[in-house]
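In UniProt numbering, the protein residues as written are 1 to 310.
A quick write-up on the structure given underneath.
Here it is, written out as C-alpha cells:
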C-alpha cells in the first residue's frame, strides 16, 4: 500500500505537487500571496513616489545619471518651488475648487440619495438608470457646449465676474466637475441610505422633525462611512482634475488655475526644471495623503459595506 502511494507521488508533475502542497499547507499559499501582493504594490504604487523623491533631491542638470539613489543632494528644491512661481497659490486654488465641488456634490447627492433610497415615487428606477448612464459619458463630450456657455457674457454676472462670463472663475470648474462626479456620489449614498431601518427615521418623525431634519440628524450620521467615501473620492478626483481646469483658465494663479498648471509652469521654452516638477508633485500630494490617512477607516468601511450580509 505504501509503495503504491509512493509511485503515485512520483508520477505527479510539478504543478500537481504544488497543488497538493497548497491544499495540505494553505497557510504557505496565503503567505506567498501576501508577499506577491506587497511586492506588486510597492513597485506599482510606491516606487513612482520614490523616483520622484530621487529626482527632486538631484541637482539641476544631473537627472540623467540617477540609478536608485539621487545624483547629489539638493533638498533646497522643496523651497525653490515656491520661489520660481507662486506654487502655493496653485495649491490653494485646487483646494478651494475641490472643497467647493465636494460640498455641492454631498449636499445634492444626499437629497437625491434620500429620495432614491427611502422614498417610493413613479419613475424611480428609470431616473436612477438615467443618472448612472450619464456618468458613463466622457467629460470631453460636454466641453464644447459648456465652453460656449461659460464664455457667454451675461449682464447678471457682471457684478460678480466683471466681464459677465464664467471663464477664469471657480464656477467654470466647480459646476461641470460637480455634475461629472455627482452620479457616483448619488449611487453610493443611495445604497447607504436605503440600509437605514425605517424605525429610526419614524422615531425622529414622531418627535416632530421633518424629513429634512431626519436626514440631517439621523440618516447622515448613521451613514457616515458612505458620506466620507463619497466626499473623499470626489475631493481627490477634483483636486487632480486637469482637463476642464486647463481649458477654462489661462493658466495664471490669480485666475484660479489648478495645481497641475503650476507643475507645468516649471517647463520653459528652452529648459525643463525636472527636479522642481518632481518636488512640486510631492508637495501637491501631501494634502490628499493627509486626507486619506485621516479618513482611512471611514473609506474602508464605506467601500466594503454591503459585501457581507448578516
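Every residue gets a Cβ at the ideal spot worked out from N, C-alpha and C, and that includes glycine.
All values reported here derive from a predicted model rather than from experimental measurement.
Item	Value
Distance cut-off 7 Å: residue 197 Cβ against heavy atoms of the ligand MN	As presented, the structure is devoid of all ligands, the ligand MN included, so that no description of it is given.
Alpha carbon of residue 54 to alpha carbon of residue 273, nearest angstrom	14 Å
Cross-strand partners of residue 267 (DSSP beta bridge)	272
Residue 242 beta carbon less than 8 Å from that of residue 291	no
Check whether residue 52 and residue 282 have beta carbons under 8 Å apart	yes
Reduced DSSP secondary structure (H/G/I, E/B, other) of residue 309	For residue 309, the pLDDT reaches just 42, beneath the cut-off of 50, and the residue's location in the model is therefore unreliable, although a value from the coordinates is still provided. Correct three-state label for residue 309: coil.
Contact the segment 110–121 vs the segment 183–190: 3+ CB pairs below 8 Å	yes
Status (buried if at least 16 other CB within 10 Å, exposed otherwise) for residue 76	exposed
Residue 266 classed as buried or exposed, judged by whether at least 16 other C-beta atoms fall within 10 angstroms	buried
Continuous alpha helix (DSSP H) stretch holding residue 163: start and end	Counting along the chain, residue 163 falls outside any alpha helix (DSSP H), and DSSP gives it neither H nor E.
Reduced DSSP category for residue 51 - H, G, I as helix; E, B as strand; rest coil	helix
Three-state secondary structure assigned by DSSP to residue 93	helix
Between the CA atoms of residue 44 and residue 278 - distance to the nearest angstrom	17 Å
Inter-residue CB distance, residue 92 and residue 280 (contact presumed, cutoff 8 Å)	Going by Cβ atoms, the distance from residue 92 to residue 280 rounds to 14 Å, so no, they are not a contact pair.
The segment 222–239 contacting the segment 94–102, beta-carbon criterion three pairs below 8 Å	yes
Residue environment, residue 46, which counts as buried when at least 16 other CB atoms sit within 10 Å	exposed
Collapsed DSSP secondary structure at residue 147 in the structure displayed	helix
For residue 2, three-class secondary structure by DSSP	The predicted position of residue 2 is uncertain, since its pLDDT is 44 and thus under 50; no value can be drawn from it.
Other residues of its chain near residue 158: CB distance less than 8 Å, five sequence neighbours each side excluded	164
Reference residue 199, options 108, 219, 24, 249, closest by Cα	219
Where residue 105 falls, given that 16 or more other Cβ within 10 Å makes a residue buried	buried
Cβ shell of residue 177 (< 7 Å), same chain only, five flanking positions each side left out	101, 238, 241, 244
Per-residue burial, residue 201 [other beta carbons within 10 Å of its own, 16 or more giving buried]	buried
Nearest neighbour of residue 295, chosen from 252, 271, 230 [CA to CA]	230
For residue 60, the three-state DSSP class (helix, strand or coil)	coil
Simplified DSSP state of residue 102, which is helix, strand or coil	helix
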